[in-house]
Amino acid sequence: MTDGGHRYVAPGSVAEALRVQEKLRPLADLAGPGPTAPATVAGLDVAYAESGDRLAAAVTVLDARTLAVVDSAVSVGRPAFGYVPGLFAFRELPGLLDALDRLTVRPDLLVCDGHGLAHPRRFGLACHLGVVTGLPAIGVGKTPLVGEWDEPGPRRGAWTPLRDGGDVVGRVLRTRDGVKPVFVSVGHRMSLGNAVDRVLALTPRYRLPETTRAADRLCRDALASAST
DNA sequence: GCGACAG
DNA sequence: ATCTTGTCGC
Numbered sequence: 004m005t006d007g008g009h010r011y012v013a014p015g016s017v018a019e020a021l022r023v024q025e026k027l028r029p030l031a032d033l034a035g036p037g038p039t040a041p042a043t044v045a046g047l048d049v050a051y052a053e054s055g056d057r058l059a060a061a062v063t064v065l066d067a068r069t070l071a072v073v074d075s076a077v078s079v080g081r082p083a084f085g086y087v088p089g090l091f092a093f094r095e096l097p098g099l100l101d102a103l104d105r106l107t108v109r110p111d112l113l114v115c116d117g118h119g120l121a122h123p124r125r126f127g128l129a130c131h132l133g134v135v136t137g138l139p140a141i142g143v144g145k146t147p148l149v150g151e152w153d154e155p156g157p158r159r160g161a162w163t164p165l166r167d168g169g170d171v172v173g174r175v176l177r178t179r180d181g182v183k184p185v186f187v188s189v190g191h192r193m194s195l196g197n198a199v200d201r202v203l204a205l206t207p208r209y210r211l212p213e214t215t216r217a218a219d220r221l222c223r224d225a226l227a228s229a230s231t
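Note that my numbering has the first sequence beginning at 4, numbered continuously upward.
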């Protein structure tokens with residue numbers, strides 16, 4: 004339940020996808036500050052069939068305080084675009100928007116599995132999803148796409164700036180003691196500091212946000228069920 | 001020209 | 001992303 008049918012149309016070429024990013028980029032609000040005490044937070048993730056011709060996109064909405072799942076939706080379909088680093092959003096956006104439309108509650112924040120500002124043209128999946136839905140959004144990547152950084156301290160909460168081309172595009176954040184850090188960046192209507200705080204609030208036990216973990220489980224299960 | 005390259 | 005064995009640790 005974001006705003007009704009998005010009727011998303013995938014670009015037919017790399018050139019067209021680049022033009023779409025160029026057009027949407029200025030619409031992103033990279034300042035925020037965004038909600039510091041959201042009631043609900045959504046996690047989004049996609050699972051692919053080994054054949055690569057089918058995918059399941061899932062959105063799970065968690066109570067931000069208890070981290071209990073209060074709503075969820077899945078969409079099974081075909082990848083909408085080839086896998087091109089930097090144009091990743093075009094591949095997963097249709098399925099994710101479809102799943103978002105099936106929710107019965109409108110989440111206060113979207114936590115995306117991928118980057119936001121930390122993107123070669125400063126418009127990753129989290130920015131794209133935020134702009135299209137109008138919802139505050141942040142990106143939490145497991146591996147880097149762009150930028151340089153120093154290793155953050157070993158304890159949970161330690162972070163270092165992620166820099167690219169003279170810009171601070173995100174933060175490398177340690178969410179658990181002694182565990183590999185994650186890459187946090189702003190997507191839409193959120194400040195970087197608030198994004199980091201929200202991620203820490205979502206990682207009381209594991210490296211990845213509970214939102215992402217819940218969505219990951221859901222889309223994997225949906226993919227398995229759909230093939231049986 | 002040669003690598004790197006979110007999921 | 002997905003394919004994969006064993007292995008270390010709580």
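The beta-carbon is built from N, C-alpha and C at its ideal position, and this holds for glycine as well.
In this text, all values refer to a predicted model and were calculated from it rather than measured experimentally.
Subject >> Close Cβ partners of PHE126 (< 6 Å) along its chain, the five nearest in sequence each way excluded >> reply: GLN24 and ARG28
**OP:** Quick one: residues in its chain with C-beta nearer than 8 Å to the C-beta of ALA102, no 5 flanking neighbours on either side, listed in chain order?
**Re:** LEU47, ALA60, ALA61, VAL62, ALA76, VAL77 and SER78
**OP:** Take GLY98 as the anchor and find which of GLY156, ARG109 and TYR11 has the nearest alpha-carbon.
**Re:** TYR11
Subject >> N- and C-terminal bounds of the beta strand (DSSP E) containing THR63 >> reply: 58-66
Subject >> Complete runs of the beta strand (DSSP E) confined to the stretch 50-117 [at least 3 residues] >> reply: 58-66, 72-80 and 113-116
Original post:
Three or more beta-carbon pairs under 8 Å between the stretch 215-222 and the stretch 153-169, yes or no?
Top reply: no
Original post:
Which of the three DSSP states, helix, strand or coil, is assigned to HIS122?
Top reply: coil
Subject >> THR107 versus ALA42: straight-line alpha-carbon distance, rounded >> reply: 15 Å
**OP:** Flag this pair as yes or no: are the beta carbons of ILE141 and ARG94 separated by less than 9 Å?
**Re:** no
Original post:
For the beta strand (DSSP E) that contains ALA140, what are its first and last residues?
Top reply: 140-144
Original post:
For the candidate residues LEU113, VAL172 and ASP104, whose alpha-carbon lies nearest to that of VAL149?
Top reply: VAL172
Subject >> Rounded straight-line distance, which links the Cα of VAL185 to that of THR215 >> reply: 12 Å
Subject >> Spatially closest choice to LEU100 from VAL72, PRO110 and VAL135, by CA coordinates >> reply: VAL135
Original post:
Can the beta-carbon of ALA50 be found closer than 9 Å to that of LEU226?
Top reply: yes
Original post:
What residues match up with HIS191 in a beta bridge as DSSP calls it?
Top reply: ALA140
**OP:** Identify the continuous beta strand (DSSP E) that holds ARG166 and give its terminal residues.
**Re:** 162-167
Subject >> Residues near GLU154 in its chain [Cβ-Cβ closer than 6 Å; skip 5 each side] >> reply: none
Original post:
Does the beta-carbon distance from VAL143 to VAL114 come in below 9 Å?
Top reply: yes
Subject >> Coil, strand or helix - GLY7 by DSSP >> reply: Only weak support exists for where GLY7 lies, its pLDDT of 49 falling under 50; the coordinates are left without a value.
**OP:** Evaluate PRO207 with the Cβ neighbour count: other Cβ atoms within 10 Å of its Cβ, from every protein chain shown; 16 or more gives buried, anything less gives exposed.
**Re:** exposed
Original post:
Does DSSP put THR206 in a helix, in a strand, or in coil?
Top reply: coil
**OP:** Using a threshold of 9 Å, state whether the C-beta atoms of LEU132 and ALA92 are closer than that.
**Re:** yes
Original post:
What residues in its chain sit with their C-beta under 6 Å from that of GLY7, if we drop five residues either side in the sequence?
Top reply: Confidence at GLY7 is low in this model, with a pLDDT of 49, below 50, so the placement of that residue is unreliable and no value is reported for it.
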